[in-house]
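The next block holds one structure in the form of structure tokens; read it before the comments.
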Amino acid sequence: AQSVTQPDIHITVSEGASLELRCNYSYGATPYLFWYVQSPGQGLQLLLKYFSGDTLVQGIKGFEAEFKRSQSSFNLRKPSVHWSDAAEYFCAVGPSGSARQLTFGSGTQLTVLP
Amino acid sequence: GAVVSQHPSRVICKSGTSVKIECRSLDFQATTMFWYRQFPKKSLMLMATSNEGSKATYEQGVEKDKFLINHASLTLSTLTVTSAHPEDSSFYICSAIGTSYEQYFGPGTRLTVT
Chain A
1 AQSVTQPDIH ITVSEGASLE LRCNYSYGAT PYLFWYVQSP GQGLQLLLKY FSGDTLVQGI
61 KGFEAEFKRS QSSFNLRKPS VHWSDAAEYF CAVGPSGSAR QLTFGSGTQL TVLP
Chain B
115 GAVVSQHPSR VICKSGTSVK IECRSLDFQA TTMFWYRQFP KKSLMLMATS NEGSKATYEQ
175 GVEKDKFLIN HASLTLSTLT VTSAHPEDSS FYICSAIGTS YEQYFGPGTR LTVT
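In order, the protein sequences belong to chains A and B.
Residue 1 is where the first sequence starts when you use our numbering, and the numbers rise one by one after that.
Residue 115 is where the second sequence starts when you use our numbering, and the numbers rise one by one after that.
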């Protein structure tokens, strides 16, 4: 069965600092990987996705993520965090070639200090 | 493009009554829609997969008679929580897939059962 682990429940960074949110997955085949962001009381917005090709993917709002097959990881990064980035971040994995049956991690709450 | 709406955004109902939540794909035809439930500080739990014109597929542990799902058209799916109880209070999120390998999420519906 596929699973996603986000080991950090809560991360606090200062505005302007760099950010890395960790995501590890377990999946039998080549996965389809996603990062979503959720603001309080809102739905999920797709930040970026990895399907194939270049393992470093660029997303919206200055985010990027790197797929490392050897480490089963898909960590999300941003070089300089803005106060508006404070939100909940979810990593998700799905079967290759499909957005069905996504499995979500437990989420990482990001707090940004002024 | 690829906008999914939900209505209502918030609903309060009395215990024992039923409440219907609508999920619409506004600018694309959704062959498949998903319904998720999210508890506070928790990840998304897939409740059911809804395919247009056919019966929904429920995840293990989700009561199909309590959570009625109808996907009558390519742009509309509804979730009806029947005989709601306080433990059904939650944040319900729908998503939709068109022709791309991506789920588009609605903004969610906050249900409170008193």
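Backbone N, C-alpha and C fix where the C-beta goes; we use that ideal spot for every residue, glycine too.
From residue 83 of chain A to residue 150 of chain B, what does the alpha carbon distance come to, in whole angstroms?
Rounded to whole angstroms, residue 83 of chain A to residue 150 of chain B spans 28 Å at the Cα level.
Which class does residue 62 of chain A belong to by DSSP, given the choice of helix, strand or coil?
DSSP places residue 62 of chain A in helix when its eight states are reduced to three.
How about the segment 74 to 92 of chain A and the segment 102 to 114 of chain A: do they share at least three Cβ pairs that are nearer than 8 Å?
Yes, since at least three Cβ pairs between the segment 74 to 92 of chain A and the segment 102 to 114 of chain A fall closer than 8 Å, the two stretches touch.
Examine the Cβ distances between the segment 134 to 153 of chain B and the segment 218 to 225 of chain B and report whether three or more of them are shorter than 8 Å.
Touching, yes, given that three or more Cβ pairs across the two stretches are closer than 8 Å.
Compute the distance between the beta-carbons of residue 186 of chain B and residue 178 of chain B, then report whether it is under 9 Å.
Not in contact: residue 186 of chain B and residue 178 of chain B (Cβ atoms no closer than 9 Å).
Can residue 74 of chain A and residue 50 of chain A be called in contact, C-beta distance under 9 Å?
For residue 74 of chain A and residue 50 of chain A, yes; Cβs fall inside 9 Å.
Between the segment 21 to 40 of chain A and the segment 194 to 202 of chain B, do three or more beta carbon pairs fall short of 8 Å?
Cβ pair count under 8 Å is below three, so no.
Can you grab the Cα-Cα spacing for the pair residue 30 of chain A / residue 103 of chain A, in whole Å?
Distance between the alpha carbons of residue 30 of chain A and residue 103 of chain A: 14 Å.
Chain B beta carbons: is any one of them nearer than 9 Å to that of residue 78 of chain A?
By this cut-off, residue 78 of chain A is not an interface position.
Does residue 107 of chain B have its Cβ less than 9 Å from a Cβ in chain A?
Look at the range of chain B in this structure, 115 to 228, and you will see that residue 107 of chain B is not part of it.
Beta-carbon separation of residue 72 of chain A and residue 27 of chain A under 9 Å?
Yes, the pair counts as a contact, with Cβ atoms nearer than the cut-off.
Less than 9 Å between CB atoms is the rule here; does residue 209 of chain B satisfy it with respect to chain A?
It does: the Cβ of residue 209 of chain B has a partner Cβ on chain A nearer than 9 Å.
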